[in-house]
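The structure appears right after this line, and notes come after that.
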Amino acid sequence: MYKEKIVNVKTGEVTWRDYTPDEVAALEAAQAQAAKRLLEVEAKEAARQAVLTKLGLTTEEAQALLG
Amino acid sequence: MAKQTFTSGQVLTAAQMTSLQQTAMLGGDATAKTTSYVLTAADAGTVVAMNAAGSTTITVNTGLFSAGDIVTIQNRGAGTCTVTAGTATVNTSGSLVLAQYQGGVLYFNSASAAVFYQFATPASGDIEGVTAGTGISGGGTSGTVTITNSMATTIDAKGDLVVGTGADTFARLAVGTNGYTLVADSSQATGLKWAAPAGGGANWSLLNSGGTTLSGAATITVSGISGADKILILVVDAKGTGGQNAIFVRYNGDTGSNYTYYGGLVEGASSWASTNVANRTTGSDTAALLGGCSTNGNSLLSAYHLMSGGNSSGLKTFISGGATNAAGGSSNALYTLGGFWNNSSTVTSVSLWNNVANFSSGTVYVYTSA
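Dropping the structure here:
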């Protein structure tokens, strides 16, 4: 469950409220986008690592070669 | 005393001399009349006083008085008394009708003609005196009267101020030193004093004492803000429960596309590439980006967000920056952004919004300055 925590500095009161369905939907959509982006980054990193492995080079050796 | 005919060798008594003096001063013995009266020769040099509740007359006839004789007439009663020309002529520039306590002198130019010189008495509506009220001085009841503005004369020199010291009272406050400003000070008699201007720097204070923990919610709001022109938000080691969490700032819970910001970020990677540096050009977002954090590599975001114009009706500008602390990995990033919130409302609350998950740890501090 997603919530909002509200701290009123004037009264000292702390209240909590549950996210509305629309807010939850927006959050879940953002989650999906973030997960997709993470997968893309990880795939790119894996591909790069595969190339290095195939060449028998470490990351530092590849960087030295590329100047 | 009545007009006398003195004879050679007559000895005047002290009483006669006193009476003569009184007569010379238009005074002397008087017999009050209670009804209308006709002057007789014996009235020459005396005071004829009328004292009646109703209207009466004093009649002047010819052949009784000599040129130079006078009769003083008084009206002591409530009823009007009218000096009436009987067989003699009576002229006056005043009034022959005497109200209570009015009077005059009847002066005979001849045995058949007299002039009544009325004693001056104020008429209804006449100004009888000028009395100095609050803030002025002077005044008087006769002749040319001068009144002076006391507040004006309190001023002695250039720059002087006249300041209230209490109800209906005031005092001079001399001009202060060049560059000084006037400030309230209740310990002063005038309630004011000149003092060197206070420093113009912002006085910051922490609104949420001890900070507000970032956990258990995807939005953390600090509300109850008022009169704050500048707001500084400091986020320390923020983390969310999601994978990749982007953390934003919102004002007054505004989710409209009113946030514009530009800048750049440097994304971490296991190897350096020019594409690790990217710019951000966000013309209209629903919140102002602060930075990101991730459970991947356990990256924590620490950041600042400084907003100006929070107590105005114009744009609220802000700058922000921050970075995550994970060692290596794609989840590490450095953010530096600036922009504005396009909203005319004054700021009453600020929110940290994690756009994918609840916060799991971290602290936010909110500082304000008027």
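Chains D and Y are the protein sequences, given in the same order.
Residue numbers 45 to 111, in our numbering, belong to the letters of the first sequence in order.
Residue numbers 2 to 371, in our numbering, belong to the letters of the second sequence in order.
Note that beta-carbon positions come from the ideal geometry of N, C-alpha and C, so glycine has one too.
Since we're looking at a predicted model, the values are computed, not measured.
Inset, instruction - Can you check DSSP and say which residues form a bridge with G311 of chain Y? - result: DSSP lists no partner for G311 of chain Y.
Legend entry - Range covered by the beta strand (DSSP E) that runs through M51 of chain Y: V48 to M51
Inset, instruction - Confirm the yes/no value for this check: CB of G10 of chain Y, any heavy atom of the ligand ADP, distance under 6 Å. - result: The model depicted lacks the ligand ADP and carries no ligand whatsoever.
Inset, instruction - Compare the C-beta of V237 of chain Y against all C-beta atoms of chain D and say whether one is closer than 7 Å. - result: no
Inset, instruction - Check each residue of the segment 91 to 109 of chain D: if its Cβ is closer than 9 Å to any Cβ of chain Y, include it; give the result in chain order. - result: R92, Q93, T103, A106 and Q107
Legend entry - Other residues of its chain near Y46 of chain D: CB distance less than 8 Å, five sequence neighbours each side excluded: D62, Y63, E67, V68 and L71
Inset, instruction - Give the range of the alpha helix (DSSP H) segment to which S20 of chain Y is assigned. - result: A15 to A25
Inset, instruction - Taking 7 Å as the cut-off, decide whether the C-beta atoms of N246 of chain Y and A358 of chain Y are in contact. - result: yes
Inset, instruction - Identify the continuous alpha helix (DSSP H) that holds Q75 of chain D and give its terminal residues. - result: Element bounds for Q75 of chain D: P65 to L99.
Inset, instruction - At 7 Å on the CB atoms, spell out the chain Y contacts of E74 of chain D, in chain order. - result: The sequence given here has Ala at residue 74 of chain D, not Glu. By Cβ distance, chain Y contributes N356 and V357.
Inset, instruction - Work out the CA separation of S370 of chain Y and L290 of chain Y for me, nearest whole Å. - result: 22 Å
Legend entry - Q119 of chain Y - containing beta strand (DSSP E), residue span: A114 to Q119
Inset, instruction - Return no unless some Cβ of chain Y is closer than 7 Å to the Cβ of L82 of chain D. - result: yes
Inset, instruction - Taking G217 of chain Y as the query, report the chain D residues whose CB atoms sit under 9 Å from its CB, ordered along the chain. - result: The contacting residues are K47, K49 and W60.
Legend entry - Contact with chain Y by A78 of chain D, beta-carbon distance below 7 Å: yes
Inset, instruction - State buried or exposed for V58 of chain D, treating a residue as buried only when at least 16 other CB atoms are found within 10 Å of its CB. - result: With fewer than 16 Cβ atoms within 10 Å of its Cβ, V58 of chain D is classed as exposed.
Legend entry - W60 of chain D burial status per 10 Å Cβ neighbour count (16 or more: buried): exposed
Inset, instruction - For D44 of chain Y, name the three-state secondary structure that DSSP assigns. - result: helix
Inset, instruction - Compare the C-beta of S361 of chain Y with all C-beta atoms of chain D and state if any pair is closer than 7 Å. - result: no
Legend entry - Rounded separation between N333 of chain Y and S295 of chain Y - CA only: 8 Å
Legend entry - chain D within 7 Å of T208 of chain Y, Cβ atoms only: Looking at the sequence itself, residue 208 of chain Y is Leu, so the reference to Thr does not match. For L208 of chain Y, the answer is yes, since a Cβ of chain D falls inside 7 Å of its Cβ.
Inset, instruction - Give the secondary structure of S143 of chain Y by DSSP, where H, G and I count as helix, E and B as strand, and everything else as coil. - result: coil
Legend entry - C-beta contact flag for G265 of chain Y and N280 of chain Y at 7 Å: yes
Legend entry - Proximal chain Y residues relative to T55 of chain D, where beta-carbon distance stays under 8 Å: Using a Cβ-Cβ cut-off of 8 Å, T55 of chain D is close to G225 of chain Y, given in chain order.
Inset, instruction - Would you mind reading off the limits of the alpha helix (DSSP H) that contains L109 of chain D? - result: T103 to L110
Inset, instruction - Using the Cα positions of D255 of chain Y and A288 of chain Y, report the straight-line distance between them to the nearest angstrom. - result: 8 Å
Legend entry - Proximity below 7 Å, CB of N91 of chain Y to CB of T60 of chain Y: First, the amino acid is wrong: residue 91 of chain Y is Val here, not Asn. Not closer than 7 Å, so no.
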